[in-house]
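Position one of the sequence shown corresponds to residue 1 (the UniProt record's numbering), numbered consecutively onward.
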Amino acid sequence: MTSISISSDKWQTADVEVMDGDFDDDMLQFLGSFEEVLPETVDKVSERKLKKTSKKQKKKEENTVGSKNPENEEKSIEERRLAKKLKRKEQMAANRKQRKERLARRKEQKELEKGQESMETPIENGKKKRKGGEIQENNDKKKKAKKETDVSAWKQFYFLPNEILEAIEQMGFSQPTEIQSAVLPIAVRDRQDVLGAAETGSGKTLAFGIPLVSRLLEALSNKEEEEPPKGPRALIVAPTRELVIQIMRHINSLIATTPLKAVSIVGGLAQVKQERVISQQNPDIVVATPGRLWAMIQVSVSGIFQYSPPKHSNITPGHKCWNTPPPTIFHKVGGGVQKMFFLIFCLKIKRTQPNYA
Ligand SMILES: Nc1ncnc2c1ncn2[C@@H]1O[C@H](COP(=O)(O)OP(=O)(O)OP(=O)(O)O)[C@@H](O)[C@H]1O
């Protein structure tokens, strides 16, 4: 019997079974297969093993997908190609649209600037003086070419000033349109305010343009002895730049034979420049979009809109233009409302208050 101590405090004894006999090398061989393994080595080895397994697994998965669904894979490649193609197409369409819009904006801007530059030409006795007389000559040629139009149908409107009949002749319009025939006697002869509605392209611009220019000419002839009126006396408001351009074209043609001047006020052009043109040129007619007009009324340095109220006004199409009622605007415009002449033209008129005529 052998005693083995197992406690640190006190030695104790325990009975153990002792094996007797010889141990040959074969029995102890397994000891050689152990190797010393430190903690850091354990971490590194397991990390390497983990990486290897995840790579293998990934490869395996890829192979399985590929080998299992080759059609699906082809499909997804095709889909991706199509999506890319579509995206490219959309991008190209967007670029084309942007380019078109840019070109249209530039064209509009040029037209408006042209209109304003032409304002800088002095006007005397209803005829424009230009350098070298070259442009005047071209205009004369145009006038001659268009003078062949027979405008006898317009003669029924005996109350129209001669300058306007001459302008209509130059424009080449042999007959008044329906809305023009309906409006002219009421607005020019009877001096009534008009609320008109007619479809697009029916000639509404001249239907309000002719009465407006007639009134201005009338006022000019009545006040020949007096000091010429300061500031714009007629205001045309249209909801878009495009409409302002269209209206300006008609108004400029209408006043081509008169000493009257018109300018446009729209967003997108330098406000300072527009103010300068207005205060230098002192136009009789202003054609404006509401946003820029409002901005100019509020921050106008020259105070151009404070001179005197516009006495004749057109708002077209009225329902789209204003959030505040027109008289409020004109009160601001002129600093006081005088007798004004309203011509409101649009595509449709919706009655919102039953008692409002
Ligand atoms: N009496 C006329 N005879 C022939 N053509 C005319 C006459 N009056 C106007 N026009 C022409 O008809 C076209 C349409 O006129 P206008 O732009 O005034 O229509 P509109 O009713 O104001 O249209 P929109 O509602 O689109 O503004 C213009 O090209 C204009 O020059």
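Yeah, the Cβ is synthetic: ideal placement off N, Cα and C, and Gly gets one too.
Check, Outcome
"Top-ranked residue by Cα proximity to R292, from K75, Q280, Q274 and A167", "Q274"
"Span separating the alpha-carbon of K110 from that of V188", "34 angstroms"
"Cβ neighbour criterion (16 or more within 10 Å) applied to G201", "exposed"
"Helix, strand or coil at V213 according to DSSP, with G and I counted as helix", "helix"
"With 16 other Cβ atoms within 10 Å as the buried cut-off, status of A207", "buried"
"Boundaries (first-last residue) of the beta strand (DSSP E) holding S264", "A262 to I265"
"Contact set for Q192: own chain, Cβ-Cβ below 8 angstroms, skip 5 residues either direction", "I186"
"Every unbroken alpha helix (DSSP H) within the UniProt domain \"DEAD-box RNA helicase Q\" (153-181), with a cutoff of 4 residues, ordered by chain", "162-171"
"Pick from I210, E242, E166 and E218 that is closest to I179, judged by C-alpha positions", "I210"
"Meets three-Cβ-pair contact criterion under 8 angstroms: the segment 211-219 and the segment 74-92", "no"
"Heavy atom of ligand 1 within 8 angstroms of T205 beta-carbon", "yes"
"Beta-carbon gap between E242 and E108 smaller than 9 angstroms", "yes"
"Near ligand 1: V202 beta-carbon under 8 angstroms from a heavy atom", "Strictly speaking, residue 202 in this sequence is Ser, with Val absent from that position. The answer is yes for S202."
"Three-state class that DSSP yields for A234 in the structure shown", "strand"
"Residue environment, V287, which counts as buried when at least 16 other CB atoms sit within 10 Å", "buried"
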